[in-house]
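Residue numbers (the numbering used here): 1 to 424.
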């Protein structure tokens with residue numbers, strides 16, 4: 001049960017006994033719609049067979065989900081595991097121990113809600129690498145959590161989106177390993193992040209809403225610097241993903257050849273077409289950006305936010321809403337992301353599915369974004385129910401093709417053949 005964050009034992013996660021899932025209805029992550037009733041054989045953490053009737057190895061556990069809808073486990077390509085409400089309430093007072101505790105809580109919440117894989121989009125430790133340690137803890141079975149793809153710190157220019165020095169009073173210095181400038185600086189930062197466990201490299205290509213010293217249309221790095229970062233990552237076999245809101249930052253990321261753009265919430269239709277033509281992924285994080293823009297446009301101002309955040313929200317909300325409509329009309333490749341950690345993990349990230357649909361994205365496209373498409377972007381053997389794929393499965397009471405909010409009602413979670421939640 002979710003109430004216990006620690007696994008019963010490391011051995012229970014390692015044994016992975018064979019199981020036969022009886023699905024009342026299922027979707028495989030790639031088809032145009034539900035595929036009806038099926039049986040799914042899971043052996044050694046992977047899907048071995050899918051069909052109307054599958055083999056039943058001796059000792060296999062039969063899991064009756066005949067009243068449920070089964071689909072691949074969700075993939076969130078943009079979270080901040082070390083963040084959350086406690087971090088932003090005490091940015092300067094938190095230490096790496098508190099960030100680790102944030103991450104343990106986040107991992108439990110995410111897995112409970114059906115997220116079997118996540119990509120961390122920025123470690124909130126200023127001088128250490130906490131997320132790789134969380135990954136080790138999950139992999140060893142010490143804590144419950146999704147499969148973690150690490151993204152290191154967000155490499156940022158001085159005064160840029162991930163430079164927290166602006167939050168510190170004058171005369172106080174702050175050690176930050178990822179605040180760099182110049183071609184040599186960004187190359188060194190890329191190598192440093194990877195040497196400490198980053199599997200992807202995150203760049204702050206623009207400013208943002210929650211950073212005090214820049215705005216979402218500000219551009220943080222020159223084309224030369226951005227291209228140097230991507231080249232450095234490529235030379236050591238890593239992809240780059242870029243935080244970028246405005247057109248110019250997105251365009252520089254496209255020219256540099258990044259794998260994915262995060263947010264892109266002020267992109268023009270022409271820039272979205274560039275992304276589509278180049279095959280660059282967009283992770284639109286709409287519950288983090290569009291929900292707030294809509295509320296602001298309707299006059300619901302969150303007075304708990306700093307004044308500089310409220311001012312930027314008021315200025316850019318109309319364009320964010322326009323861009324959300326353009327994303328729905330575009331052919332850009334979409335991967336699911338929430339930006340959880342910039343707000344609290346008590347929020348169910350699966351609400352991103354419904355928000356995408358509310359903004360005009362077709363349910364099938366949204367569901368693929370959180371399963372097979374995200375797995376393709378992250379180059380993972382997941383996101384699809386088919387022989388040979390990781391046995392990452394979730395079940396819910398109804399079909400998300402009939403009501404997309406069904407994704408928010410997960411009652412069964414299997415990751416890598418191990419059942420982590422079972423409330424049938």
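The C-beta atom is built at its ideal place from N, Cα and C for all residues, glycine as well. As the structure is a computational prediction, the values presented were derived from the model and not from experiment.
Looking at the DSSP output, residue 51 bridges to 39. About 13 Å separates the CB atoms of residue 136 and residue 199; that is not less than 8 Å, and the two are not in contact.
In the displayed model, residue 227 falls within a helix according to three-state DSSP. Checking the DSSP bridge columns, you'll see residue 244 partnered with 263. In the three-state scheme derived from DSSP, where H, G and I count as helix and E and B as strand, residue 16 is classed as coil.
Look at residue 234 here: in three-state DSSP terms it is helix. Inter-segment contact for the region 33-45 and the region 341-348 is absent: fewer than three beta-carbon pairs are separated by less than 8 Å.
Residue 231 holds the alpha-carbon nearest to the alpha-carbon of residue 256 among 231, 194, 405, 312. For residue 329, the three-state secondary structure derived from DSSP is helix. For residue 419, the beta-bridge partners assigned by DSSP are 414.
Put simply, of 24, 76, 59 the residue whose alpha carbon is nearest the alpha carbon of residue 51 is 24.
In terms of CA proximity to residue 127, 96 leads the group 362, 286, 96. When 35, 77, 323, 117 are compared, the shortest CA-CA separation from residue 271 is found for 323. The DSSP-derived three-state label of residue 365 is helix.
For the region 154-211, the full-length alpha helix (DSSP H) segments reaching 4 residues or more read 183-195 along the chain.
Residue 353: member of the alpha helix (DSSP H) spanning 351-358, first to last residue. Between the alpha carbons of residue 146 and residue 158 lies a gap of roughly 33 Å. Judged by DSSP in its simplified three-state form, residue 72 adopts strand.
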